[in-house]
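Participant: Take this structure, written in structure tokens, and hold onto it; I'll ask about it next.
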Amino acid sequence: MHDRISSLGEKKLISRIISRARSVFGSSEVMGLGDDAALIDAGEEFLVLTSDLLLETRHFPDPERPRDMGWKTVTVNMSDLAAMGSRPEGFILSVALPDLELEFFDSLMDGVIEACCHYQAPLIGGDTNEADEIILSGTAIGRAEKDMVLMKSGARPGDLVAVTGPLGVGAAGTELILSGRDRGGFENAVERSLRPVARIEEGLILAESGLVSSATDITDGLVSELGELMDASGTGMRIYEERLPLGREVPEIASILGRDPLELALYYGEDFELVFTAPPTGMEELSDMMELHVIGEVTGGGGIEMVDKDGVTYKLHVRGYEHLSPG
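Going by our numbering, the first residue of the sequence shown is number 45, and it counts up by one from there.
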């Protein structure tokens, strides 16, 4: 019986691809593989490139809002640039489409162009094709100074762990939309789900400060992304439940839907905040420059621990949203 890619899941499949690429090109030539974006030596700077593909049936909880679909397609790519501390320079869009009404298509493209204007990244090319559902593939291009680029590796024991904003809001909004329940009173959560915003400015502040030891974005869930930093840095992580900045509407939406608000904050993803590490003195300086929430610290041992509100410490299973996995 032959193994299938679902036996690996997305992250292990990516590792499999990376190992093959490095066997051909060598580690020194393939920079950024396994990070949020690839790095190409462009003299005094790095050219930063990333790509994300979105499917109508998997990534858009409300496909009746085409403008938001276009916006999100750009944003998921820009979030990877933010995680690297990169300034956007351009965006490439490839689309595969069924026979849509032109009004729907124009609205979708209006969302793409609106987002490109927001991130100051002009739409510079792409491709079109046919498909049975809407498939949107974006490539974001940015630049970063070589001594300021943010990477997943570099966290050290004793560093503090922080996030740039509230957790669980996008997840709660997505689940509310999918439930078909009344969205009244929860407009912020719905907006965070359908029209997330990449933390470009925050990423630039972190990069230019020179104080950050590692960073990534939280699109696949906090615990999953902490696992990425931990594995890349060869460390462990400890976070504290009482320090997690749950969005104010998350507990109420979770109660309505019969969900655990902590589960939404830790594992679901869709937050588009940044999680990063820095030494205590550096974190204090950063807190004067931007909003941040310290949620824990880097440890020497492997694994992620959480200290609950009663002071009990337990291990967290490293998981999050992952494509190409069983079930």
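For glycine and all other residues, C-beta sits at the position ideal for the given N, C-alpha and C. Keep in mind it's a predicted model, so treat the numbers as computed, not measured.
Could you tell me whether the region 201-219 touches the region 164-179, using the rule of 3 or more Cβ pairs below 8 Å?
Facilitator: Not touching, per the Cβ criterion.
Participant: Which ranges would you report for the alpha helix (DSSP H) in the region 261-312 if only whole runs of at least 4 residues count?
Facilitator: Counting only runs of 4 or more, we get 266-277, 294-301.
Participant: Buried or exposed: Gly371, going by 16 or more other Cβ atoms within 10 Å of its Cβ?
Facilitator: Residue placement at Gly371 is poorly supported in this model, since its pLDDT is 48, which falls under 50; the coordinates still yield a value, given next. By the neighbour-count rule (16 or more Cβ atoms within 10 Å), Gly371 is not buried but exposed.
Participant: Going by other Cβ atoms of all chains shown within 10 Å of its Cβ, with 16 needed for buried, is Gly364 buried or exposed?
Facilitator: Residue placement at Gly364 is flagged as unreliable, the pLDDT there being 45, under the threshold of 50; a coordinate-derived value is accordingly withheld.
Participant: Just list the residues that DSSP pairs Val92 with in beta bridges.
Facilitator: Val92 pairs with Leu83, Gly186.
Participant: Does DSSP put Ser50 in a helix, in a strand, or in coil?
Facilitator: It is helical.
Participant: Would you give the residue range spanned by the beta strand (DSSP E) that Arg227 belongs to?
Facilitator: Note, Arg227: premise wrong, no beta strand (DSSP E); not H, not E.
Participant: Check whether the Cβ atoms of Ser130 and Arg187 lie closer than 8 Å to each other.
Facilitator: Against a cut-off of 8 Å, the Cβ pair of Arg187 and Ser130 comes out as a contact.
Participant: Quick check on the DSSP output: the beta strand (DSSP E) that includes Pro132 runs from which residue to which?
Facilitator: Segment 131-141, the beta strand (DSSP E) holding Pro132.
Participant: Where does Ser257 fall in DSSP's three states?
Facilitator: In the structure shown, Ser257 sits in coil (DSSP, three-state: anything other than H, G, I, E or B).
Participant: Between Asp96 and Gly217, how many whole angstroms is the CB-CB distance? I'm expecting something under 8 Å.
Facilitator: With 8 Å as the limit, Asp96 and Gly217 do not qualify as a contact, their Cβ atoms being about 20 Å apart.
Participant: Would you mind stating whether Val267 and Leu310 have Cβ atoms separated by less than 8 Å?
Facilitator: Yes, Cβ-Cβ distance for Val267 and Leu310 is below 8 Å.
Participant: Going by C-alpha to C-alpha distance, which of Asp176, Phe320, Asp112 sits closest to Ser237?
Facilitator: Measuring from the Cα of Ser237, the nearest candidate turns out to be Asp112.
Participant: Asp124 and Asp261: beta carbons closer than 8 Å?
Facilitator: Taking 8 Å as the Cβ cut-off, Asp124 and Asp261 qualify as a contacting pair.
Participant: Take Leu222 and list the residues in its own chain whose beta-carbon comes closer than 8 Å to its own, dropping the five residues that flank it on each side.
Facilitator: Hits under 8 Å: Pro105.
Participant: Pro305: buried (16+ other C-beta within 10 angstroms of its C-beta) or exposed?
Facilitator: Pro305 is buried by the Cβ-count criterion.
Participant: Can you list, in chain order, the residues of its chain whose CB lies under 7 Å from that of Ser277, leaving out five sequence neighbours each side?
Facilitator: Taken in chain order, the residues that qualify are Ser197, Gly198, Ala199, Ser258.
Participant: Quick one: using the 10 Å Cβ neighbour count with 16 as the cut-off for buried, is Leu27 buried or exposed?
Facilitator: No answer is possible for residue 27: it lies beyond the span of the chain, which begins at 45 and ends at 371.
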